[in-house]
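Participant: In order, the protein sequences belong to chains A and B.
Using the working numbering, read the first sequence as starting at 38 and increasing by one per residue.
Using the working numbering, read the second sequence as starting at 10 and increasing by one per residue.
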Amino acid sequence: MEKNEEDCLVLGGHKFHSRFILGSGKYSLKLIEAAVQDAGAEIVTLAVRRANTKEHENILDYIPKQVTLLPNTSGARNAEEAVRIARLARELGCGDFIKIEIMRDSKYLLPDNQETIRATDILAREGFVVLPYMYPDLNAARDLVSAGAAAVMPLASPIGSNKGLATKEFIQILIDEIDRPVIVDAGIGSPSQACEAMEMGAAAIMANTALATAGNLPLMAAAFREAISAGRKAYLAGLGRVLSRGAAASDPLTGFLRD
Amino acid sequence: MTEEKEEKQENQFLIDSDRLSEKALARKHQLENDPSCRKDPMEYFPDMEQIHSDVREEVIRQVEAYDYEQYTAVDVRRALEHKTCSVEDFKALLSPAALPFLEEMAQKAHLETSRHFGNTVYLFTPLYIANYCENYCVYCGFNCYNDIQRLQLNREQIEHEMKVIADSGMEEILILTGESKKKSSIEYIGEACKLARKYFKNVGLEIYPVNTDDYRYLHECGADYVTVFQETYDLTKYETLHLLGHKRVWPYRFEAQERALMGGMRGVGFSALLGLSDFRRDALATALHLWYLQRKYPQAEFSLSCPRLRPIINNDKINPLDVGEKQLCQILCAYRLFLPYAGITVSSRESKPFRNGIARICATKISAGVSTGIGDHEEKYTGREEGAVGDEQFEICDTRSFRTMYKDMAGEGLQPVLNDYLYV
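#1: Given a cut-off of 7 Å, decide if Y430/B and K210/B are closer than it, judged by their beta-carbon atoms.
#2: Could you pull the DSSP bridge partners for T105/A from this structure?
#3: Taking D223/B as the reference, which of Q239/B, T249/B, Q266/B and A205/B has the closest Cα?
#4: Compare the C-alpha of R409/B against each of F403/B, E401/B, Q402/B and M418/B and name the closest.
#5: Compute the distance between the beta-carbons of L318/B and P329/B, then report whether it is under 7 Å.
#6: For G197/A, go through chain B and note every residue whose CB falls closer than 8 Å to its CB, in chain order.
#7: When you compare only the Cα positions, how much space is there between V119/B and C94/B?
#8: Does at least one heavy atom of the ligand ZN sit under 6 Å from the Cβ of K67/A?
#9: Kindly say whether M10/B, judged by its beta-carbon, lies nearer than 7 Å to any beta-carbon of chain A.
#10: For the beta strand (DSSP E) holding H251/B, just list the boundary residues, first then last.
#11: Could one say the Cβ of S143/A lies closer than 7 Å to chain B's Cβ atoms, at least one of them?
#12: Use the C-beta contact count for A284/A: other C-beta atoms within 10 angstroms, 16 or more gives buried, fewer gives exposed.
#13: Would you kindly report the start and end of the unbroken alpha helix (DSSP H) that includes H51/A?
#14: Just reading off the alpha helix (DSSP H) that D417/B is part of, what are its end residues?
#15: In chain A, which residues lie less than 7 Å from A309/B when you measure between Cβ atoms?
#16: Between the alpha carbons of R28/B and D156/B, how many angstroms are there, rounded?
#17: Taking the continuous beta strand (DSSP E) assigned at K374/B, which residues delimit it?
#18: With DSSP as the reference, please indicate the residues paired to M140/A in a beta bridge.
#19: Within 10 Å of its beta-carbon, does Q161/B have 16 or more other beta-carbons around it, so buried, or fewer, so exposed?
#20: At the level of alpha carbons, what is the spacing between T11/B and G252/A?
#21: Just the chain A side, please: which residues come within less than 7 Å of Y350/B by C-beta, in chain order?
#22: In angstroms with no decimal places, state the Cα-to-Cα distance between N115/A and K305/B.
#23: For G268/A, report the span of its alpha helix (DSSP H) as first-last.
#24: Can you name the residues of chain B whose CB is closer than 7 Å to the CB of I122/A?
#25: Rounded to the nearest angstrom, what separates I4/A and V120/A at their Cα positions?
#26: Can you pull the chain B residues whose beta carbon is under 7 Å from the beta carbon of T250/A, in chain order?
#27: Using a Cβ-Cβ cut-off of 7 Å, state whether Q424/B counts as contacting chain E.
#28: Suppose the cutoff is 8 Å on Cβ atoms and the five residues either side in sequence are ignored; what does the same chain contact list for K335/B look like?
#29: Measure the alpha-carbon distance for R310/B versus E97/B and round it to whole angstroms.
#30: Determine the DSSP secondary structure at C230/B, reduced to helix, strand or coil.
#31: Taking only beta-carbon atoms, is L435/B less than 7 Å away from chain A?
#32: Hey, out of L248/A, I137/A, F207/A and D149/A, whose CA is closest to L68/A's CA?
#33: Name the chain A residues whose beta carbon is nearer than 9 Å to that of N365/B?
#34: Count the other CB atoms within 10 Å of the CB of R233/A; is the residue buried (16 or more) or exposed (fewer)?
#35: Measuring alpha carbon to alpha carbon, tell me which residue in A88/A, D174/A, S227/A and E43/A is nearest I242/A.
#36: By the 10 Å Cβ neighbour count, where 16 or more other Cβ atoms means buried, how is R87/A classified, buried or exposed?
Written out as structure tokens, the structure is:
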């Protein structure tokens with residue numbers, strides 16, 4: 038990056054300054070605004086099935102108007118269901134962004150890459166900005182890009198686990214090979230893990246459970262914000278090398294020798 | 010040392026009504042006293058589908074081998090230290106040796122619940138549309154020999170009840186009937202589901218077990234969740250409690266959830282009625298029933314209930330015997346640790362303090378504004394008296410309205426959720 042050049046996350050032609058995507062589904066509605074503010078988040082995800090309510094406390098009413106909604110298709114078990122949910126999200130006024138989540142497993146909630154590729158293909162053609170949640174597999178990621186995904190969202194470890202970068206090597210391959218933003222989603226449990234993913238070259242971090250299970254949610258949101266920012270700067274700065282063994286002195290021990 | 014044999018407590022279920030005919034009374038007594046006149050509980054009726062599932066054998070094999078007295082504090086500590094809870098760990102957590110570790114279990118269960126469900130708690134209400142029943146289940150208020158006011162709501166009455174409930178703010182409904190296929194036909198229940206889709210986002214069913222095709226039809230009518238209580242997984246005990254009717258066929262009931270999933274339902278619920286038999290074995294069987302089906306149908310959603318016996322009309326002495334609140338809490342925590350992804354429903358059979366407390370530990374779904382009678386929501390919700398009402402299945406303990414429950418759950422630091430579901 039050139040000096041003074043703006044460092045933005047670009048998704049489907051939309052620019053974002055924040056690289057922290059915030060989940061909204063696991064904590065009190067009244068905390069959403071504070072979390073968004075302290076996280077500095079510009080994108081907030083929400084489950085369409087949760088927003089599809091008559092209740093007086095609709096989650097949509099608690100998400101600040103200035104942020105971009107990223108509705109997700111959680112609950113979908115195949116591409117057809119995901120497509121129907123995405124269209125409903127549009128009808129509900131949630132905009133054109135859609136995070137595809139297709140799970141055929143209710144225990145680990147692991148994404149179904151094949152069905153996700155099919156849904157991406159359909160929804161991208163309908164003009165959605167498609168962000169697919171996926172298992173980090175290079176072939177699937179390439180197919181998602183070919184199908185029109187605006188980014189790919191590989192999981193770091195099982196959703197809700199807070200276990201961090203269990204799939205680190207495979208996410209690195211995606212970062213190295215995929216010409217779209219790689220947003221690390223699911224399993225990031227602490228700011229240090231988020232920072233590490235950003236140092237690797239991830240374009241952004243999505244987190245929910247890490248905040249929802251924290252003792253002080255807004256404070257944790259702020260901690261993530263700083264960690265993501267630090268990781269991004271480190272990535273842009275270019276990390277120093279790591280020796281495979283031994284040490285390298287800052288001042289060479291043989292510096293006194295004359296030619 | 011004096012030998013004192015501890016006398017096991019038993020409920021006195023058998024009650025005679027003086028309004029029964031002599032013939033009916035004679036048949037009732039024959040069923041109660043002469044096991045040879047009762048149908049073989051393993052024999053299906055001709056209209057019952059047999060799916061030849063392997064799940065039942067697996068569950069029963071595990072339960073029969075379960076000797077909970079052999080587990081010690083060491084086993085419980087080991088189970089609590091493990092990152093994932095194995096079947097063996099679960100058995101230890103259900104054992105008497107785990108009771109002194111209740112607080113540790115609750116702390117760990119709370120963490121698991123937070124990871125999977127955050128701080129959300131779902132609210133729903135049941136709607137009984139008929140209390141006619143052809144079964145003689147000795148502990149149940151709806152049993153065919155119990156002298157109660159019977160009623161079946163017609164289409165207009167069902168819709169009226171639904172309107173009253175929907176007006177209160179509720180978005181999820183559980184439709185229940187007594188177990189009479191003659192009175193409450195599949196088509197009748199299907200029409201109720203179609204009406205419910207007009208007023209509610211989420212429609213569940215708790216009706217008599219049916220065949221796969223019938224579940225498919227009910228799914229097409231708008232229902233997506235099916236709950237079936239096995240009551241007890243102890244066949245020998247089951248046989249002595251369910252003396253007459255379709256419900257007497259134990260394996261057909263056991264296979265109901267699997268048929269529901271085969272019929273396209275999104276999720277299924279499981280339960281034993283605690284207090285009927287050995288509660289530790291029943292809790293083990295319930296969880297394993299779910300666990301094996303999850304492995305076979307990984308896309309489905311699963312939930313558990315944990316009801317305890319309650320008094321019924323004409324028998325106010327029925328109680329859950331040795332299943333106290335601590336034991337109930339132990340079972341629920343063990344469920345959460347073994348099945349962290351499963352929903353756990355705690356019904357209005359339990360008290361307000363228990364439900365408030367357990368919602369902070371492991372429950373994910375709570376009923377509110379509950380009536381287990383027929384056609385009395387108008388009166389209960391608005392105070393306006395309507396026409397005839399049908400008697401209740403059992404006495405509830407927690408009578409809080411939807412609004413009060415919503416406020417109380419928020420007061421516990423939880424986020425009440427009325428809908429998290431789409432019919433797709």
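Cβ coordinates follow ideal geometry from the N, Cα and C atoms, glycine included.
Just so it is clear, the structure is predicted and the values come from calculations on it, not from any experiment.
Facilitator: A quick look at the data gives this:
#1: yes
#2: I80/A
#3: Q266/B
#4: Comparing Cα positions, the closest option is M418/B.
#5: yes
#6: Per Cβ cutoff of 8 Å: R124 and H125.
#7: In the sequence as presented, Val is not what sits at residue 119/B; that position holds His. The alpha-carbon atoms of H119/B and C94/B are separated by roughly 15 Å.
#8: You won't find the ligand ZN in this model; it holds no ligand whatsoever.
#9: Bear in mind that a pLDDT of 41 at M10/B, under 50, signals an unreliable position, so the number given afterwards is only what the model happens to contain. Chain A contact via Cβ: absent.
#10: H251 to L253
#11: yes
#12: Under this definition A284/A is an exposed residue.
#13: Unbroken run through H51/A is the beta strand (DSSP E), H51 to F53; no alpha helix (DSSP H).
#14: In the DSSP annotation of this structure, the continuous segment of the alpha helix (DSSP H) that includes D417/B starts and ends at F411 to G420.
#15: S143
#16: The straight-line gap from Cα to Cα measures roughly 7 Å.
#17: K374 to S376
#18: P148/A
#19: buried
#20: Reliability of the predicted coordinates at T11/B is poor, the pLDDT of 43 falling under 50, and the value obtained from them is presented with this limitation in mind. Their Cα atoms are separated by approximately 55 Å.
#21: S143 and K144
#22: 18 Å
#23: L254 to A274
#24: L431 and V433
#25: Not covered by the structure: residue 4/A. The range shown for chain A is 38 to 296.
#26: Those are S123 and R124, listed as they occur along chain B.
#27: Absence of chain E from the displayed structure is noted, the protein chains being A and B.
#28: L108 and L111
#29: Residue identity differs from the one stated: residue 310/B is Glu in this sequence, not Arg. Each residue's Cα considered, the two are about 24 Å apart.
#30: coil
#31: A query on residue 435/B cannot be resolved here, the shown segment of chain B reaching from 10 to 433 and no further.
#32: L248/A
#33: Under the 9 Å cutoff, chain A gives no residues; its nearest Cβ is about 16 Å from N365/B.
#34: The sequence given here places Glu at residue 233/A; Arg does not occur at that position. Counting Cβ neighbours within 10 Å, E233/A comes out buried, since at least 16 surround it.
#35: S227/A
#36: buried
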